[in-house]
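S.K.:
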Amino acid sequence: MEDVNGTIVFTTVDRPFYGFDIFSVEVPPTLDAVNKWTEKRLTDGRSVNFNGHFVDESRTLAYVSERTGAPRVYLNRPVRPEPEPIPTPSEALFTDRPTVKDGQLYYVSTHEPPEQVFKSWSAVYSTRIDSGETTRLTPVGEVDFSPAISQSGKLVAVASYGSRPWSGDFHELSTEIVVFPASDPGRRVSVCGRGGWPSWAADSTVFFHRVADDGWWSVFCLDLTEDLVVSGDGPRRITPPGLHAFTPAASHDGRRIAVATRRPGSEFRQIEIFDIETEAFVEVTKRINPKFNHYNPFFSPESGHIGYHRFRGESATGDLTIPYLEPVKSPIAGLRMLRLNGSFPSFTRDGDLIACNHNFDPINGGVYVIRSDGSKRWRLLKNRIAFYTSYSPTERGVIYTSVGPIFEAPKTTVQIARITFNPTDLKDDQEEVQADVKILTSESSGNNAFPCCSPDGKWLVFRSGRSGHKNLYIIDAVNGESDGGGSGIRRLTYGECIDTMPNWSPDGSLIGFSSNRHNPANPNTFGIYVISPDGTGLRRVHVAGPEEADLERINHVCFSPDSKWLVFTANLGSVSAEPVSLPNHFQPYGDLFVVKLDGTGLRRITCNAYENGTPMWHSVIGEPDIGSLSLGDDADGVGEKLRGQFQEPLWITCDI
Numbered sequence: 006m007e008d009v010n011g012t013i014v015f016t017t018v019d020r021p022f023y024g025f026d027i028f029s030v031e032v033p034p035t036l037d038a039v040n041k042w043t044e045k046r047l048t049d050g051r052s053v054n055f056n057g058h059f060v061d062e063s064r065t066l067a068y069v070s071e072r073t074g075a076p077r078v079y080l081n082r083p084v085r086p087e088p089e090p091i092p093t094p095s096e097a098l099f100t101d102r103p104t105v106k107d108g109q110l111y112y113v114s115t116h117e118p119p120e121q122v123f124k125s126w127s128a129v130y131s132t133r134i135d136s137g138e139t140t141r142l143t144p145v146g147e148v149d150f151s152p153a154i155s156q157s158g159k160l161v162a163v164a165s166y167g168s169r170p171w172s173g174d175f176h177e178l179s180t181e182i183v184v185f186p187a188s189d190p191g192r193r194v195s196v197c198g199r200g201g202w203p204s205w206a207a208d209s210t211v212f213f214h215r216v217a218d219d220g221w222w223s224v225f226c227l228d229l230t231e232d233l234v235v236s237g238d239g240p241r242r243i244t245p246p247g248l249h250a251f252t253p254a255a256s257h258d259g260r261r262i263a264v265a266t267r268r269p270g271s272e273f274r275q276i277e278i279f280d281i282e283t284e285a286f287v288e289v290t291k292r293i294n295p296k297f298n299h300y301n302p303f304f305s306p307e308s309g310h311i312g313y314h315r316f317r318g319e320s321a322t323g324d325l326t327i328p329y330l331e332p333v334k335s336p337i338a339g340l341r342m343l344r345l346n347g348s349f350p351s352f353t354r355d356g357d358l359i360a361c362n363h364n365f366d367p368i369n370g371g372v373y374v375i376r377s378d379g380s381k382r383w384r385l386l387k388n389r390i391a392f393y394t395s396y397s398p399t400e401r402g403v404i405y406t407s408v409g410p411i412f413e414a415p416k417t418t419v420q421i422a423r424i425t426f427n428p429t430d431l432k433d434d435q436e437e438v439q440a441d442v443k444i445l446t447s448e449s450s451g452n453n454a455f456p457c458c459s460p461d462g463k464w465l466v467f468r469s470g471r472s473g474h475k476n477l478y479i480i481d482a483v484n485g486e487s488d489g490g491g492s493g494i495r496r497l498t499y500g501e502c503i504d505t506m507p508n509w510s511p512d513g514s515l516i517g518f519s520s521n522r523h524n525p526a527n528p529n530t531f532g533i534y535v536i537s538p539d540g541t542g543l544r545r546v547h548v549a550g551p552e553e554a555d556l557e558r559i560n561h562v563c564f565s566p567d568s569k570w571l572v573f574t575a576n577l578g579s580v581s582a583e584p585v586s587l588p589n590h591f592q593p594y595g596d597l598f599v600v601k602l603d604g605t606g607l608r609r610i611t612c613n614a615y616e617n618g619t620p621m622w623h624s625v626i627g628e629p630d631i632g633s634l635s636l637g638d639d640a641d642g643v644g645e646k647l648r649g650q651f652q653e654p655l656w657i658t659c660d661i
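Numbering (this note's numbering), first residue to last: 6 to 661.
1) Got a sec? Which residues, its chain only, sit under 8 Å from Asn484 by beta carbon, not counting five neighbours each side?
2) Where does Thr290 fall in DSSP's three states?
3) Can the beta-carbon of Thr180 be found less than 8 Å from the beta-carbon of Phe150?
4) Closest to Ile533 by C-alpha separation, out of Ser320, Phe273, Pro584 and Phe518, would be which residue?
5) Have a look at Asn452, Leu80, Val39 and Gly578 and flag the residue whose alpha-carbon is nearest the alpha-carbon of Gly57.
6) Just to confirm my understanding: we take Leu36, look at its own chain, exclude 5 residues before and 5 after, and list those with CB closer than 7 Å. What are they?
7) Taking the alpha-carbon of Tyr405 as reference, which of Ala482, Ser624 and Gly356 has the nearest alpha-carbon?
8) Measure the beta-carbon distance from Thr100 to Val69 and round it to whole angstroms, keeping in mind my assumption that it falls under 8 Å.
9) I need the DSSP call for Ala38, collapsed to helix, strand or coil.
10) What is the residue span of the beta strand (DSSP E) that Pro332 lies within?
11) What did DSSP end up calling Asp101 once you bin it into helix, strand or coil?
12) If the criterion is Cβ atoms closer than 8 Å, does the pair His299 and Arg274 meet it?
13) Within the continuous beta strand (DSSP E) that includes Lys463, where are the two ends?
14) Using three-state DSSP, classify Glu645 as helix, strand or coil.
15) Exposed or buried, what is Leu655 when buried is set at 16 or more other beta-carbons lying within 10 Å of its beta-carbon?
16) For Gly470 and His561, I'd like the C-alpha separation in whole angstroms.
17) For Val84 and Gly270, what's the separation of their Cα atoms in angstroms?
18) Can you pull the DSSP bridge partners for Asn529?
19) Beta strand (DSSP E) containing Cys563: first to last residue?
20) Suppose the cutoff is 6 Å on Cβ atoms and the five residues either side in sequence are ignored; what does the same chain contact list for Ser449 look like?
21) Which runs of the beta strand (DSSP E) at least 3 residues long sit entirely within the segment 149 to 208? Give them in chain order.
22) DSSP three-state call for Ser63: helix, strand or coil?
23) Would you mind working out which of Val374, Thr139, Asp366 and Pro398 sits nearest Leu330, comparing C-alpha positions?
24) Per DSSP, which residues does Leu597 bridge with? Please list them.
25) Three-state secondary structure (DSSP) at Phe426?
26) Excluding the 5 residues flanking Ser320 on each side, which residues of the same chain have their C-beta closer than 7 Å to its C-beta?
27) Can you grab the Cα-Cα spacing for the pair Val600 / Gln652, in whole Å?
28) Mapping DSSP to helix, strand and coil, what is Ala75?
29) Can you say whether Pro398 is buried or exposed, counting buried as having 16 or more other CB atoms within 10 angstroms of its CB?
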């Protein structure tokens, strides 16, 4: 893909705020004697570290870290101060759930794409740590998540989606528990028709989570014979109703499970130990950090320790500053990827400045400008809710935005604003720059949003709900609707549908946008459309086959600098991990793709468990002067103080 190059800046919902590290506590033989837990941090405070596994009782740790711009597996040994990368396929953009057993690493990777869209790329692999020899354990054409290795290392359990196309589920994935011998991965046995996140006790008992019939996420277990036949009456429920319990980890003797819980009245996910014999819970992390979320517990081999990950805290050592821009691994040579601490970026013509929104509330919202080397940020507009930005390609001191609430109905008042400022005021000793705001749309015209400037700087295309439906309009970029001659605005698209998020091609010939006009009755299906600025040539750019067309959920369409390609966010790759194991993502299936204008050459360019979106593409080349997650442990340095501002999944409620 030699003609795919330049720089794409995009956002990942809440990811810059995570600051995860892995911690552990020592577990005494008798839990009723515990008065206080002592927590120890096991990772170094650099980047985001999560989903660990204890290799031994000395707390040798295998885990995932994003310090190189993509989730990779590392090993921490107590006798060595520096994390050691464990070899995994270099082309992988996402690796997860590592387990080390007898010199073999087991993990999830997404480096082999499926033959069709709407299937996850996640499969389970094993790699010899000494030689790097890698074997795919998941059959080609099938999808596996969350591998667990039995104590002997002879058996593997996975949450499998099988060979089915993804149906769009993500609150609870429609996976089954599948078990197979590590030496014979083709001998797969489905032991439970519904479940996720398996965990072994010995080689005969598998614990897993699923939503019970009463609506509570709960842990279940089943027993297996040596022939992998389910014994007894099948799965039995372990944790009681009245609270959510998920991502279980079984102790080696099967007498206890460590789980993440959400209890009624609490906003936080905590780690607790459940004694199966006494059917009693013992609080662990709530006694240490009651107002932090804790994720995905795991036992050491002899159950002497429990590990988990959480936000490292504002007073910890390590990365405490979020950079304005963060390098992300790109799958295409010549294409640079940068994650923005903000949303809706747009470049100046020469690429030295980026406009964006930081948040969507009056206090932290507004419009900001960032140097494209990540070294400085200024605020231009405050005390207003604003979303989307479009930098004028002809005036360095002009930015367009939408002023008003986001995600509202067609008749809600949202207006297009022209922001003007003096670029010479962008000085290193300033945090805010004075700007003037001119409203270009009338207050009675409804929901006007997503302005994008024409290459000559004279016109804006935007989405408006003034007709009762959200269609596209073109407006005078200086005078707006009231241009004095009655020709300041014209309608571009028509229909009882949603046309939204338009982007003007750099050569001026086309406007790309997202729309559900192929299925107006469904507000959740969007495809790519292009149209000429004079209203002719409307057509859909198909990225999936005809039988899959109504499954596309595509947004944030943007042209490449040469106007030959489109980048967009979409659901084409399903999910890469069980979403219940992560903080909130409205669309955990959102990844970035590129495609040619004729629908060929489709290529995925991000792959992780997060929601990626709002890309903007520029020809600028070069390396920004920024770190991997932060510029150091100085909270007053360049960037924003790390505060762990993220939520639990909003679809996990205790109101049942």
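For every residue, glycine included, the Cβ atom is placed at its ideal position computed from N, Cα and C.
M.R.: So, to answer that:
1) Excluding residues within five positions, the ones whose Cβ falls inside 8 Å are Leu445 and Gly493.
2) Secondary structure of Thr290 (DSSP, three-state): helix.
3) The beta carbons of Thr180 and Phe150 sit closer together than 8 Å.
4) In terms of Cα proximity to Ile533, the closest of Ser320, Phe273, Pro584 and Phe518 is Phe518.
5) Closest option to Gly57, Cα to Cα, is Leu80.
6) Leaving aside the five residues that flank Leu36 on each side, the residues in its chain whose CB is nearer than 7 Å to its CB run, in chain order, Ile278, Asp280 and Val287.
7) Of the listed residues, the one whose Cα sits closest to Tyr405 is Ala482.
8) That pair is a contact at about 6 Å.
9) For Ala38, the secondary structure class from DSSP, reduced to helix, strand or coil, is helix.
10) In this chain, the beta strand (DSSP E) harbouring Pro332 covers Leu330 to Val333.
11) Here Asp101 sits in strand by DSSP.
12) With respect to the 8 Å criterion, His299 and Arg274 are classified as neighbours on the basis of their beta carbons.
13) Unbroken run through Lys463: none, as it is neither H nor E.
14) Three-state DSSP puts Glu645 in a strand.
15) Under this definition Leu655 is an exposed residue.
16) Each residue's Cα considered, the two are about 18 Å apart.
17) Near 43 Å, if we compare the C-alpha coordinates of Gly270 and Val84.
18) Answer is none; Asn529 lacks a bridge partner.
19) Run containing Cys563: Asn560 to Phe564, per the beta strand (DSSP E) assignment.
20) Contacts found: none.
21) Runs of the beta strand (DSSP E) inside the segment 149 to 208: 160 to 167, 181 to 186, 194 to 197 and 201 to 206.
22) The DSSP-derived three-state label of Ser63 is coil.
23) In terms of Cα proximity to Leu330, the closest of Val374, Thr139, Asp366 and Pro398 is Val374.
24) According to DSSP, which records beta bridges pairwise, Leu597 is partnered with Thr574.
25) Strand.
26) Once the five neighbours on either side are set aside, Ser320 has no close Cβ partner at all.
27) Looking at the two C-alpha atoms, the distance is approximately 33 Å.
28) Looking at Ala75 - three-state DSSP - the assignment turns out to be coil, as it is neither helix nor strand.
29) Buried, since its Cβ has 16 or more Cβ neighbours within 10 Å.
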